[in-house]
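S.K.: Below is a structure I'd like to ask you about.
Residue numbers (the numbering used here): 2 to 181.
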């Protein structure tokens with residue numbers, strides 16, 4: 002599931018950057034690319050929830066016994082940040098979106114299409130367009146292009162450090178069985 006999630010993250014980023022950088026946010030491929038991006042984001046969220054459930058109900062491999070306490074603490078913090086970003090990035094994309102997600106046979110409606118939610122916002126003199134602004138900003142300006150990449154870089158660098166410098170099995174444990 003680790004590598005499936007990594008591949009989905011890569012596809013989500015490549016699709017949206019292709020849309021912005023190559024197509025300049027225009028053309029007939031705009032809508033299908035956005036729906037692909039949203040569908041992949043939704044899939045990532047589902048995979049992460051399943052992964053967290055699996056992690057909570059199954060033992061995970063122990064870290065090397067000679068690993069210093071600061072590295073263990075760093076690994077725990079980086080895993081927390083990674084899971085946090087894997088949840089809040091798709092959720093912020095969803096909350097900052099007024100069109101919902103067409104996901105194969107399913108349609109995940111936007112909260113802007115749910116009258117009880119829009120009625121609740123109206124109680125605070127908010128429209129959905131006003132509500133979505135901070136989520137949109139977080140998704141497009143902070144999480145996506147900045148924080149997520151930093152967390153991923155730290156995670157990948159730690160795996161490579163353990164493989165090439167420490168020469169332990171931390172990276173090997175993340176590889177599929179046949180690669181070991």
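Beta carbons: idealized from backbone N, C-alpha and C, even for Gly.
Express the C-alpha separation of residue 133 and residue 10 in angstroms, rounding to a whole number.
M.R.: Taking the chain shown and counting its residues from 1, one reaches residue 10 at position 9. Taking the chain shown and counting its residues from 1, one reaches residue 133 at position 132. So the alpha carbons of these two residues sit roughly 23 Å apart.
S.K.: Taking the alpha-carbon of residue 91 as reference, which of 6, 176, 39 and 70 has the nearest alpha-carbon?
M.R.: As a position in the chain shown, residue 91 is number 90, starting the count at 1. Minimum Cα distance to residue 91 is reached at 39.
S.K.: Go through its chain and collect everything with a Cβ distance to residue 48's Cβ below 8 Å, but skip five positions before and after it.
M.R.: Translated into positions along the chain shown, residue 48 becomes position 47. Excluding residues within five positions, the ones whose Cβ falls inside 8 Å are 2, 5, 6 and 9.
S.K.: Can residue 159 and residue 76 be called in contact, C-beta distance under 8 Å?
M.R.: Position 158 of the chain shown, counted from the first residue, corresponds to residue 159. Position 75 of the chain shown, counted from the first residue, corresponds to residue 76. Contact: yes.
S.K.: Relative to the alpha-carbon of residue 86, which residue among 59, 126, 177 and 139 has its alpha-carbon at the smallest distance?
M.R.: The residue given as residue 86 occupies position 85 in the chain shown. Considering only alpha carbons, the answer is 139.
S.K.: Assign residue 95 to buried or exposed, taking buried as 16 or more other Cβ atoms, counted over all protein chains shown, within 10 Å of its Cβ.
M.R.: As a first step, residue 95 must be located in the chain shown, where it is residue number 94. So residue 95 counts as buried.
S.K.: Ignoring anything shorter than 3 residues, give me the beta strand (DSSP E) runs that lie fully in the region 93-171, in order along the chain.
M.R.: Whole beta strand (DSSP E) segments, 3+ residues: 102-104 and 107-109.
S.K.: According to DSSP, simplified to helix, strand and coil, what is residue 77?
M.R.: Taking the chain shown and counting its residues from 1, one reaches residue 77 at position 76. Residue 77 falls in the helix class under three-state DSSP.
S.K.: Distance, Cα to Cα, residue 157 vs residue 175?
M.R.: By 1-based counting over the chain shown, the position of residue 157 is 156. By 1-based counting over the chain shown, the position of residue 175 is 174. If you take the alpha carbons of residue 157 and residue 175, they lie about 11 Å apart.
S.K.: Identify the continuous alpha helix (DSSP H) that holds residue 54 and give its terminal residues.
M.R.: Position 53 of the chain shown holds residue 54. Unbroken alpha helix (DSSP H) run through residue 54: 31-58.
S.K.: For residue 171, count neighbouring C-beta atoms within 10 Å of its own C-beta (all shown protein chains included) and say buried if the count is 16 or more, exposed if not.
M.R.: Locating residue 171 in the chain shown gives position 170, counting from the first residue. The residue in question, residue 171, is buried, as its Cβ has 16 or more Cβ neighbours within 10 Å.
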